[in-house]
Amino acid sequence: WRRYLMASLLILIGVFFMFYFSWLGGWGGDSSLSWWWLILVLPYPAGWIFNLILVFSGWLKSSQT
-8 WRRYLMASLL
2 ILIGVFFMFY
12 FSWLGGWGGD
22 SSLSWWWLIL
32 VLPYPAGWIF
42 NLILVFSGWL
52 KSSQT
């Protein structure tokens, strides 16, 4: 359950920064934020991928027994 919690926290952190950067006016273009600030949003897709891997690996383990 700790791995699921860690994946959920990654998603939460990424979503927080997406909302924060939207509140600041976005990034790139005419915004004062550089595209490099998007690195702080990377935990969002990483958390989803990690969560999917956990679900599918658990599903495969349960189907093999």
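If you use our numbering, the sequence shown corresponds to residues -8 to 56, in order.
Heads up, the beta-carbon is just placed ideally off N, CA and C, and yes, glycines get one too.
Check your understanding: What is the DSSP secondary structure of W(-8), reduced to helix, strand or coil?
Key -> coil
Review point. Out of curiosity, what's the CA-to-CA distance linking F12 and S53?
Key: 41 angstroms
Exercise for review: To the nearest angstrom, report how far apart S(-1) and S48 are at their CA atoms.
Suggested key: 17 angstroms
Exercise for review: Taking only the alpha-carbon atoms, compute the straight-line gap between V46 and R(-7) and give it to the nearest angstrom.
Suggested key: 13 angstroms
Exercise for review: State the start and end residues of the unbroken alpha helix (DSSP H) segment that holds W26.
Suggested key: Counting along the chain, W26 falls outside any alpha helix (DSSP H), and DSSP gives it neither H nor E.
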